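Student: Numbering (the working numbering), first residue to last: 873 to 1061. Even for Gly, the Cβ is constructed at its ideal location relative to N, Cα and C. Note that the coordinates shown come from a computational prediction; the quantities given were computed from them, not determined experimentally.
(1) So, is residue 955 buried or exposed, given that buried needs 16 or more other C-beta atoms within 10 angstroms?
(2) Nearest-angstrom Cα distance between residue 999 and residue 993?
(3) Under the three-state reduction of DSSP, which class applies to residue 934: helix, strand or coil?
(4) Please list the terminal residues of the continuous alpha helix (DSSP H) segment that includes residue 1052.
(5) Report yes if the C-beta distance between residue 949 and residue 940 is below 8 angstroms; otherwise report no.
(6) May I ask you to report which of helix, strand or coil DSSP gives residue 1036?
(7) Mind checking residue 908: buried by the 16 CB within 10 Å criterion, or exposed?
(8) Taking residue 979 as part of the alpha helix (DSSP H), name the residues at either end of that continuous run.
(9) Pull up the distance between the alpha-carbon of residue 1047 and that of residue 942, whole angstroms please.
(10) Taking the alpha helix (DSSP H) that residue 910 belongs to, which residues open and close that run?
(11) If we ignore side chains and look at the alpha-carbon of each, how far apart do residue 921 and residue 1020 end up?
(12) Using alpha carbons as the reference points, say which of 991, 1041, 1004, 903 lies closest to residue 964.
(13) Let me make sure I understand the geometry here. Which of 1024, 982, 925 has the alpha-carbon closest to that of residue 997?
(14) Short of 8 angstroms in beta carbon distance, which residues of its chain neighbour residue 973, apart from the five on each side in sequence? Order them along the chain.
(15) Give a yes or no on whether the C-beta atoms belonging to residue 906 and residue 968 are separated by under 8 angstroms.
(16) Express the C-alpha separation of residue 991 and residue 1037 in angstroms, rounding to a whole number.
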């Protein structure tokens, strides 16, 4: 079912909600760049050889490049076994990722607000569609049986209810973050 055709994009993700979410993203830009730098400078055991070779080629082109040489030394000193080759990255990335999560925490309430609006619209559409189909069934003298549209709307409502109720960090039942707002609200962007 084409949900955008049915509901459109207006009224669900408001410009103020989108602006607030984009401000949250902007506040984590430096931290995400740092996380990318750590990811690049602290290779996993599987990427260690390629990183050392890449940096060695850079040093061969520019023998006076002390920064590239220092990065090559760091990459060469990283663990080379797959069993222990990820710890150094996690030690470095852990605090950075925690800070990013902390700054993005307000996104969850905004997402819930947007998803509640989508849920309200979908429930209203379900009621309208069911009433129309029940009236038609009564007028034509047969027992009501939900159409594919009604079933699709019911499934959509279930999905939206689950998305609204998904626990986030700090709430009971939290296991994993429901994801970044761009992913959660992608159909209304």
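Tutor: This is what the structure gives:
(1) So residue 955 ends up on the exposed side.
(2) Cα-Cα distance, rounded: 10 angstroms.
(3) DSSP places residue 934 in coil when its eight states are reduced to three.
(4) First-last for residue 1052: undefined, no H or E at that position.
(5) Taking 8 angstroms as the Cβ cut-off, residue 949 and residue 940 do not qualify as a contacting pair.
(6) Residue state, collapsed to three classes: helix.
(7) Under this definition residue 908 is an exposed residue.
(8) DSSP places residue 979 in the uninterrupted alpha helix (DSSP H) bounded by 978-1012.
(9) Roughly 39 angstroms between the two C-alpha positions.
(10) Where residue 910 is concerned, the enclosing alpha helix (DSSP H) stretches over 901-913.
(11) In a straight line, the C-alpha of residue 921 is about 55 angstroms away from that of residue 1020.
(12) Here the closest residue by C-alpha is 903.
(13) Minimum Cα distance to residue 997 is reached at 1024.
(14) Result list for residue 973: 1041, 1049, in chain order.
(15) Yes, these two residues count as a Cβ contact at 8 angstroms.
(16) Taking C-alpha positions only, residue 1037 is separated from residue 991 by approximately 12 angstroms.
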